[in-house]
Each structure stands twice: as structure tokens, then as C-alpha cells.
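Here the sequence shown stands for residues 483 to 760, where the numbers follow this note's numbering.
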Amino acid sequence: MKTSCPATRRRRGVRGFTLIELLVVIVLSAIVMGAIIQILLSNQRLYTANTEQVLAQQTVRSGVEVVAQELREISSELGDVLSASATQVQIRAVRKMGVVCAVDSRAPLTVRIGVRGRPFEAGEAVTFFVDNDVDIAGDDEWATATITTVDAGMLCPNAVTPALSLVLASVAPTTATTGVHAGSMIRAFESFTYGQVTWDSEPYLGRVPASGTGVPLVGPVDATNGIRFVYRNAAGATTSTLTEIRTIELTLRSTSGARTSTGRMVADSLTRVIHLRN
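So this is what it looks like as C-alpha cells:
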């Protein structure tokens with residue numbers, strides 16, 4: 483009869499894991515951890531895609547609104563549209579304004595104006611309202627001129643309102659000198675172009691002044707067809723005649739490097755029909 487030694491009996495009574503059991507636990511833990519990591523990565527991609535989608539929507543909406551607010555104030559009939567293409571539009575917009583309070587129609591034409599906002603400067607091109615016959619609306623017009631001299635520290639005839647005295651030259655038409663009255667509006671413009679500019683090696687909707695570098699407004703936009711303009715006349719037909727433009731359709735397409743859960747690139751687009759001022 484065989485008997486086991488006390489040490490062997492003690493080892494048989496000790497609880498523990500076999501190597502196979504440890505390997506099974508390690509494999510199961512790896513599977514569970516892999517699944518957890520996959521869920522976290524999927525949630526991160528989903529969050530990134532949703533964030534990029536919101537940013538894309540905000541980009542096109544804010545970009546379209548910026549341009550729309552500017553274009554609503556211009557008039558093609560008065561020559562505010564300087565050039566127009568499918569990818570950009572060059573306009574002139576009112577940046578300075580004043581109201582005439584006194585007129586000296588003798589050559590050179592001199593007007594005294596109450597200034598609203600930024601003061602006028604010598605050398606600026608201006609337009610002013612001409613009411614040839616105060617009883618007839620059909621003969622009203624806008625004339626152009628260039629400021630040659632600005633005299634500050636003046637007052638309007640009421641001796642209260644601060645004013646600037648402007649000496650105007652190159653008045654066109656020349657007959658406009660007799661049609662300027664107290665209450666006429668005088669305006670100065672700034673010319674710039676809305677279109678695609680490059681910033682940080684990416685395409686953006688930007689504004690480029692007549693003299694200067696472009697300023698990015700919103701973006702990035704799609705490099706191929708991110709900005710599109712369509713010009714229509716009063717009948718709704720497309721036109722290339724600048725003075726006939728009544729509405730401008732602006733389409734803005736944003737882009738992003740993120741992808742949705744289906745692998746599609748995150749992007750958005752928006753089209754706005756903008757009616758110009760008569």
C-alpha cells in the first residue's frame with residue numbers, strides 16, 4: 483500500500499489557476515478590451531463627424547449671410563456691380579454718407595454737409611442726389627463728382643449742426659450743379675470683390691479690396707465649386723449685362739477632412755437668392 487508524503491498532500495490542497503485557464507482569461511480580457519476600444523473610437527468618430535457637420539452648416543449659413551447683407555444694399559442700375567463672373571463678383575458699396583445742408587452752385591460746385599459717420603476726404607469719388615424739378619419725380623438722378631477740397635470745422639445754416647465744406651470737380655452730368663438742394667444725399671463708395679481667397683493653404687470665401695490683400699471671411703470651402711454666382715434679370719433669365727442684374731443666386735459649399743460613419747466626406751451647401759436694391 484502506497485502512501486503520499488505530507489508535502490504532496492499539501493500541494494494538492496492548494497487552490498489556483500492552471501496555465502490554460504490563465505490563457506483563456508487573457509484572451510477573453512483582450513476581446514472585451516478590444517470591443518471597448520472599438521466602441522470608444524466609433525463614438526469619437528461619430529462626435530467628430532457631427533461636430534464637423536455643424537461647423538459646415540454654420541460656415542455656409544454665415545458666409546451666405548455676410549455676402550447677402552452687402553449685396554442687398556447695391557443697385558445694378560446705378561452701376562454698383564462692377565464685374566460679375568461665376569466665381570466672383572466685384573461691387574462698390576456705400577462706406578460714407580452725408581446730407582447736404584447748404585449749396586453754392588457757382589463753379590466750382592461747393593456743398594456743405596452734415597456728416598453721418600466717417601468724414602469725407604479729398605480725392606474721393608462721390609455720388610450725390612440731383613432733384614432737378616422738385617415737383618417732378620421722373621427727372622431725378624444721381625450725379626458723380628470728385629472731392630478736391632475738404633474744409634472741416636464748419637456749421638450748417640442752423641449754426642448748430644457740425645458740417646464739412648466739400649468742393650466738387652468733374653461733375654457729371656454738368657447740368658447736375660443746378661439740381662442739388664438742401665436735403666440731397668451724398669455718398670462715397672469702396673470697391674471690393676467677393677470670391678475665393680487662399681488662407682493657410684486652404685480655399686475660403688473672402689473679400690478683396692480694390693487695393694490690398696484678400697481677407698478670409700468663412701471657410702474652408704470646396705476648392706472646385708465652393709463658390710458659385712448666378713445673375714438674373716427682372717424676367718428671371720440669366721444675364722451678363724451688369725445694369726440688368728436684379729437678383730444674384732449665391733451657392734456656397736463647405737468641405738471638411740472628417741468622414742461620416744458611412745465613409746462619406748462631411749460637407750454642406752446652401753443657395754440664397756439675393757434681391758438687389760432698385
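C-beta atoms are modelled at their ideal positions from N, C-alpha and C, and glycine is treated no differently.
Is DSSP giving residue i helix, strand or coil here?
i	result
Val546	helix
Ile618	coil
Ser652	strand
Val507	helix
Val514	helix
Glu555	coil
Ile521	helix
Leu752	strand
Ala658	helix
Leu501	helix
Go through its chain and collect everything with a Cβ distance to residue i's Cβ below 7 Å, but skip five positions before and after it.
i	result
Pro685	Gln678, Gly701, Pro702, Val703, Ala705 and Gly708
Val549	Tyr676 and Leu732
Thr721	Tyr713, Arg714, Asn715 and Ile727
Below 6 Å CB to CB, which residues in the same chain sit around residue i once its five sequence neighbours on both sides are set aside?
i	result
Ala658	Val612 and Ala625
Thr729	Arg714, Val755 and His757
Asp586	Thr592
Arg600	Lys578
Asp622	Asp613
Counting C-beta neighbours from all protein chains within 10 Å, is the total for residue i 16 or more, i.e. buried, or is it exposed?
i	result
Ile618	exposed
Ala607	exposed
Gly620	exposed
Ala634	exposed
Thr753	exposed
Ser693	exposed
Ser666	buried
The beta strand (DSSP E) spanning residue i covers which residue range?
i	result
Thr630	Glu623 to Leu637
Asp586	Val571 to Asp586
Gly688	Glu684 to Pro691
Ser565	Val563 to Ala566
Glu731	Thr729 to Ser736
Thr725	Run containing Thr725: none; DSSP gives neither H nor E here.
With a cut-off of 8 Å on the beta carbons, I'd call residue i and residue j a contact; round off their distance for me.
i	j	result
Val593	Val662	6 Å
Ala566	Phe711	7 Å
In its own chain, which residues sit with a C-beta less than 8 Å from the C-beta of residue i, not counting the 5 before and 5 after it?
i	result
Glu552	Ile573, Ala575 and Tyr676
Thr569	Gly677, Gln678, Ile709, Arg710 and Phe711
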